[in-house]
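First to last, the sequence lines map onto chains A and B. The opening position of the first sequence corresponds to residue 1 in the numbering used here, with each subsequent residue numbered one higher. The opening position of the second sequence corresponds to residue 227 in the numbering used here, with each subsequent residue numbered one higher.
There are 2 protein chains.
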Amino acid sequence: MANARAKSSRSTGPSSRGERSRAAILDAARRLFAARGYRGTTMASVAAAADLTQPGLLHHFPSKEALLRELLEERYHDDGRRLRESLARENQGLVVALERLVEHNLSSQESVRLFAVLVAEALSAYHPAHAYFVERYEKIRQWLATTLRDDEQAGRLPANRDADALAGLIVAVMDGLQTQWLLDPRFDMVGAFRTFTDLLIDDPDHRSGATAAVDADGSDRADSPR
Amino acid sequence: MANARAKSSRSTGPSSRGERSRAAILDAARRLFAARGYRGTTMASVAAAADLTQPGLLHHFPSKEALLRELLEERYHDDGRRLRESLARENQGLVVALERLVEHNLSSQESVRLFAVLVAEALSAYHPAHAYFVERYEKIRQWLATTLRDDEQAGRLPANRDADALAGLIVAVMDGLQTQWLLDPRFDMVGAFRTFTDLLIDDPDHRSGATAAVDADGSDRADSPR
DNA sequence: GTCTATATGAGGATAGAC
DNA sequence: GTCTATCCTCATATAGAC
């Protein structure tokens with residue numbers, strides 16, 4: 001993820017000169033696509049940011065679309081990994097893992113922006129990444145729904161909910177909060193997400209299901225354990 | 227606010243020839259911007275769809291950006307109107323009004339798509355509509371927060387919630403669900419939204435009205451997943 | 001693997017006739 | 001108010017040298 005910057009003339013390191021260019025290109029592309037969108041970014045600007053000429057760039061990625069695909073591919077592998085890891089590590093269920101992810105995203109504005117911008121552009125059915133995102137979202141929802149059901153069975157979440165609808169809802173909340181945060185960094189994405197998870201958890205079915213310790217005037221539950 | 231509307235040389239009908247062109251341009255632009263985004267749409271294609279040449283179009287809107295601004299402006303007026311109306315008409319509070327809006331959006335895919343695409347492109351700080359959307363979102367959240375507080379006071383929603391965070395959350399849910407629905411029209415946006423409003427409403431504090439019909443027995447919720 | 005030079009085309013905007 | 005013709009800039013991509 002670091003910036004495989006510049007071309008130090010010698011390669012005492014692990015990678016050849018070509019490898020370094022490739023990494024520099026990807027790094028530049030991530031930043032520029034995030035800042036200006038796919039359509040708004042020129043290959044020449046990516047090349048320049050990677051200290052190459054534009055034909056030099058094309059040696060590594062034969063077209064702009066190929067470059068885009070590589071970025072998507074790369075992220076696809078990262079994707080969910082963080083979530084799955086924190087799920088396994090903390091063993092506190094999906095909700096906590098999601099909160100961790102949202103917190104993490106606060107410090108990954110660039111990556112968040114990259115994907116927000118690309119998804120948005122890809123809403124257009126003509127966009128080269130359209131099919132990619134359709135599939136990606138479907139898979140994410142499926143994984144979330146499965147995980148939600150696990151949590152319900154484990155008693156970490158109220159049962160009798162529509163896990164599929166909830167999965168879509170969770171994705172929506174994360175995406176939608178990101179949009180607002182990207183538009184205005186003062187927007188409290190984490191706070192709003194916690195408001196959401198409070199709603200997810202503080203539910204009568206769940207409380208009284210396993211059952212609940214709500215004192216009759218639950219006035220201050222909003223500031224529950226946190 | 228209104229558009230310093232054209233200078234129709236004559237006004238025999240509701241619209242002169244120029245007026246008709248103008249309307250045709252806006253109509254075409256709405257469709258094309260929605261389908262291909264702002265950057266992805268050429269002025270020539272808009273002109274063609276409006277049965278004009280590109281310079282003919284430029285007679286009405288001196289630049290592409292001017293055309294964009296007009297579309298945003300126009301929507302700005304529509305905006306919230308529907309919500310406010312259904313709020314006033316049904317007098318059932320914000321949640322019901324929001325549900326109506328989401329249902330309505332199902333049949334306005336083009337308009338929804340237009341704005342989803344434009345917001346997305348406008349995440350980039352360089353986009354001509356960036357500032358517009360920052361302001362717009364801020365205003366929407368403020369209005370929602372105010373309305374939420376009204377509903378809380380009217381007893382239609384549980385009190386003691388963070389209305390500001392909730393406002394951002396509501397916007398996020400609507401936007402995020404739209405994204406998924408636009409990517410894949412089979413996605414059940416309305417169902418997912420109802421799942422959300424259920425969470426908003428089905429809360430012990432609220433249900434129990436002034437207070438709790440929740441039987442206390444606090445076993446395991448203290449250590450519930452959190 | 002990277003360069004210079006260039007082909008090719010698209011897109012926004014202007015000039016000026018009708 | 002709309003057209004034809006044209007300019008200019010920019011962007012993707014290719015050819016071919018080093």
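In this text, a Cβ means the ideal position worked out from N, Cα and C, and glycines have one as well.
Whether residue i touches residue j by CB criterion (8 Å)
i	j	result
residue 95(A)	residue 197(A)	yes
residue 33(A)	residue 114(A)	yes
residue 191(A)	residue 391(B)	yes
residue 333(B)	residue 117(A)	no
residue 121(A)	residue 346(B)	yes
residue 150(A)	residue 421(B)	no
residue 70(A)	residue 26(A)	yes
residue 270(B)	residue 282(B)	no
residue 171(A)	residue 200(A)	no
residue 363(B)	residue 54(A)	no
residue 39(A)	residue 265(B)	yes
residue 52(A)	residue 61(A)	no
residue 374(B)	residue 357(B)	no
residue 360(B)	residue 202(A)	no
residue 75(A)	residue 104(A)	no
residue 310(B)	residue 126(A)	no
Chain A residues whose Cβ lies nearer than 8 Å to that of residue i
i	result
residue 262(B)	124, 126
residue 296(B)	The contacting residues do not exist; residue 296(B) stays about 21 Å from chain A at best.
residue 339(B)	123
residue 249(B)	Result: empty, since nearest Cβ-Cβ is about 24 Å, beyond 8 Å.
residue 371(B)	Near residue 371(B) there are no residues of chain A at all, since even the closest Cβ is about 12 Å away, more than 8 Å.
6 Å Cβ shell around residue i - same chain, five flanking residues per side excluded
i	result
residue 65(A)	128
residue 154(A)	none
residue 267(B)	258, 259
residue 336(B)	260
residue 159(A)	152
residue 87(A)	97
residue 250(B)	276
residue 156(A)	93
Chain A residues whose Cβ lies nearer than 9 Å to that of residue i
i	result
residue 421(B)	161, 162, 165, 166, 168, 169
residue 456(B)	This structure cannot speak to residue 456(B), because chain B is shown only from 227 to 452.
residue 381(B)	Near residue 381(B) there are no residues of chain A at all, since even the closest Cβ is about 15 Å away, more than 9 Å.
Chain-order list of residues whose beta-carbon lies under 8 Å from that of residue i (same chain, five-residue window excluded)
i	result
residue 193(A)	98, 99, 102, 173, 174, 177
residue 415(B)	328, 331, 332, 403, 404, 406, 407
residue 9(A)	Note that residue 9(A) has pLDDT 41, beneath the 50 cutoff, so the model's placement of it is unreliable and the number below is only indicative. If we look at residue 9(A) and ignore the five residues flanking it on each side, it has no Cβ neighbours.
residue 316(B)	322, 323, 326
residue 142(A)	167
Beta-carbon neighbours of residue i, restricted to chain B and to distances below 9 Å
i	result
residue 121(A)	263, 265, 266, 343, 346, 347
residue 137(A)	405, 406, 409, 410, 413
residue 61(A)	What residue 61(A) touches in chain B: nothing, since even the nearest Cβ is about 21 Å away.
residue 129(A)	None at all; the shortest Cβ gap to chain B is about 11 Å.
Residues that residue i contacts on chain A, provided the C-beta gap is smaller than 7 Å
i	result
residue 417(B)	165
residue 299(B)	Going along chain A, no residue has its Cβ under 7 Å from residue 299(B), so there is no contact; the nearest lies around 19 Å.
residue 321(B)	In chain order: nothing, as chain A lies at least about 13 Å away.
residue 377(B)	What residue 377(B) touches in chain A: nothing, since even the nearest Cβ is about 15 Å away.
Contacting residues, own chain, Cβ-Cβ under 7 Å from residue i (five flanking each side not counted)
i	result
residue 366(B)	397
residue 254(B)	272, 275, 276
residue 204(A)	With a pLDDT of 49 at residue 204(A), under the threshold of 50, the modelled position of that residue is not reliable, and the figure given next carries that caveat. Correct list: empty, nothing qualifies.
Within chain B, partners of residue i - CB distance below 7 Å
i	result
residue 102(A)	Within chain B, no residue comes near residue 102(A); the closest Cβ sits about 11 Å away, beyond 7 Å.
residue 56(A)	Within chain B, no residue comes near residue 56(A); the closest Cβ sits about 25 Å away, beyond 7 Å.
Interface partners of residue i on chain B, CB under 8 Å
i	result
residue 200(A)	425
(request) Could you pull out every unbroken alpha helix (DSSP H) segment of at least 4 residues lying fully inside the stretch 345-399 of chain B, listed in chain order? (result) 356-379
(request) Please list the segments of the alpha helix (DSSP H) lying wholly inside the stretch 282-351 of chain B, counting only runs of 4 or more residues, in order along the chain. (result) 290-304, 307-316, 319-332, 335-347
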